[in-house]
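Trainee: Residue numbers (the numbering used here): 463 to 889. Quick reminder that beta carbons are idealized off the backbone N, C-alpha and C, glycines included.
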């Protein structure tokens with residue numbers, strides 16, 4: 463080529479070739495290749511031309527750029543399509559789930575009665591679990607719905623209140639009430655006979671003073687039962703809104719009746735305890751005999767006039783300084799006090815035990831038959847017994863059902879249209 467040194471045969475040296483001549487020819491070839499490359503790209507060795515400005519590369523970029531842009535747009539469209547489809551599916555699934563949770567539209571009385579009996583069965587089963595068997599798998603995170611446990615807590619509070627009330631504190635004003643009653647019960651009769659009406663007078667007074675405790679417990683217990691029954695009924699009527707108001711009225715009416723029955727029962731229990739002093743429990747005599755063994759010691763301590771207090775085993779420490787003025791009545795008063803102390807424990811336990819038995823029976827009757835009977839009675843009284851009226855949906859429920867159906871249909875159409883568009887693009 464012009465401007466370059468002619469390439470000749472390499473001269474031989476020690477190794478058979480002339481190395482210096484060969485190196486010069488190689489250097490000359492490199493220079494010529496570099497010059498030709500600079501000539502192609504249109505530059506020189508001082509200012510190299512960028513590769514994309516080379517005429518051949520520039521022409522290639524102009525042709526490939528629209529294709530690359532189209533690929534980018536298609537890729538972006540595919541990403542957008544996936545996001546749109548995901549959002550459509552989320553909305554569609556949400557609407558379908560909400561529609562399935564809505565109460566089923568009923569078209570006949572037979573269908574309504576079937577659903578109604580299913581509702582009654584569900585309520586009874588849930589209440590049996592909560593209030594009878596003590597199961598709470600339906601409401602694991604709501605302690606207020608763990609029925610048996612809450613009732614036991616209320617009974618423990620009731621028992622503590624009854625056993626710790628002032629009437630159960632026998633050392634307070636020791637023998638003063640007994641002395642007053644014996645003084646009023648004086649009669650022309652043999653001495654050392656304990657008048658029965660004196661004991662009954664003390665008993666009636668004590669029972670009357672604590673009667674507010676069982677009455678208060680009944681109110682508290684039935685308020686809790688009413689709350690549980692209504693919560694369970696309301697939960698199960700979510701699928702049967704036609705019977706929601708009917709069930710609410712039935713629950714309210716039934717709770718009023720059950721509360722009145724329990725209140726009447728407590729009144730009878732209190733009256734029985736007032737009128738009769740009886741027990742077959744041998745603990746009464748054992749307790750009384752043990753306490754009476756300290757009577758003579760007590761009288762001796764009072765007569766000694768050496769101390770103001772005395773401790774009686776099994777009873778407690780009592781004040782005796784103010785009893786010295788009533789020595790003629792001390793023996794009978796002590797006997798009356800110890801009889802009442804032993805018998806009052808029987809009365810207190812009876813008030814607790816009988817209450818537990820009564821409420822257990824009431825709750826079982828409530829769950830097994832009373833609630834169902836009350837709801838059916840209220841249902842038949844609604845709309846004059848015309849069950850056809852119960853088939854009509856509430857306007858709000860019907861409007862919501864219509865809105866969900868329209869939304870589901872629209873979302874499905876949008877999903878189909880999007881699939882068709884992407885199919886055409888891919889084709």
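Mind listing, in chain order, the continuous alpha helix (DSSP H) runs of no fewer than 4 residues lying wholly within the stretch 744-788?
Mentor: 745-754, 757-766
Trainee: Can you grab the Cα-Cα spacing for the pair residue 723 / residue 584, in whole Å?
Mentor: 26 Å
Trainee: Can you tell me the Cα-Cα spacing of residue 670 and residue 736, whole angstroms?
Mentor: 8 Å
Trainee: Is it the case that the stretch 672-683 contacts the stretch 748-757, given that we only count it when at least three CB pairs across the two stretches are under 8 Å?
Mentor: no
Trainee: In whole angstroms, what is the alpha-carbon distance linking residue 634 and residue 780?
Mentor: 8 Å
Trainee: Is the stretch 796-811 touching the stretch 730-744, taking contact as three or more C-beta pairs under 8 Å?
Mentor: yes
Trainee: Just checking, does the stretch 604-617 make contact with the stretch 647-655 on the three C-beta pairs under 8 Å criterion?
Mentor: no
Trainee: What is the DSSP secondary structure of residue 738, reduced to helix, strand or coil?
Mentor: coil
Trainee: Using CA coordinates, which residue listed in 835, 872, 614 is at the minimum distance from residue 713?
Mentor: 835
Trainee: Residue 858: which of 563, 703, 673, 637 sits nearest, CA to CA?
Mentor: 703
Trainee: Go ahead and pull the three-state DSSP assignment for residue 724.
Mentor: helix
Trainee: Check each candidate in 824, 711, 592, 755 and name the one with the smallest Cα separation from residue 840.
Mentor: 711
Trainee: Could you tell me the alpha carbon to alpha carbon distance between residue 769 and residue 782, rounded to whole angstroms?
Mentor: 8 Å
Trainee: How many Å lie between residue 871 and residue 571 at the Cα?
Mentor: 30 Å
Trainee: Would the beta-carbon of residue 837 fall within 7 Å of that of residue 699?
Mentor: no
Trainee: Alpha carbon to alpha carbon, how far is residue 774 from residue 814? Give it in angstroms, no decimals.
Mentor: 28 Å
Trainee: What residue range is occupied by the uninterrupted alpha helix (DSSP H) comprising residue 683?
Mentor: 674-698
Trainee: Using only CA atoms, which one of 802, 793, 876 lies nearest to residue 759?
Mentor: 793
Trainee: Hey, out of 637, 726, 863, 619, whose CA is closest to residue 824's CA?
Mentor: 726
Trainee: Between which two residues does the alpha helix (DSSP H) holding residue 609 run?
Mentor: 609-625
Trainee: With a Cβ-Cβ cutoff of 7 Å, do residue 752 and residue 778 count as a contact?
Mentor: no
Trainee: Could you spell out where the alpha helix (DSSP H) holding residue 835 opens and where it closes?
Mentor: Here the alpha helix (DSSP H) through residue 835 covers 833-843.
Trainee: Check each candidate in 881, 578, 644, 874 and name the one with the smallest Cα separation from residue 557.
Mentor: Nearest C-alpha to residue 557: 874.
Trainee: Between which two residues does the alpha helix (DSSP H) harbouring residue 588 extend?
Mentor: 571-589
Trainee: Are the CB atoms of residue 637 and residue 831 within a distance shorter than 7 Å?
Mentor: Not closer than 7 Å, so no.
Trainee: For a quick check, are the C-beta atoms of residue 582 and residue 876 less than 7 Å apart?
Mentor: No. Outside cutoff.
Trainee: Do you know whose CA, among 613, 757, 744, lies nearest residue 593's CA?
Mentor: 613
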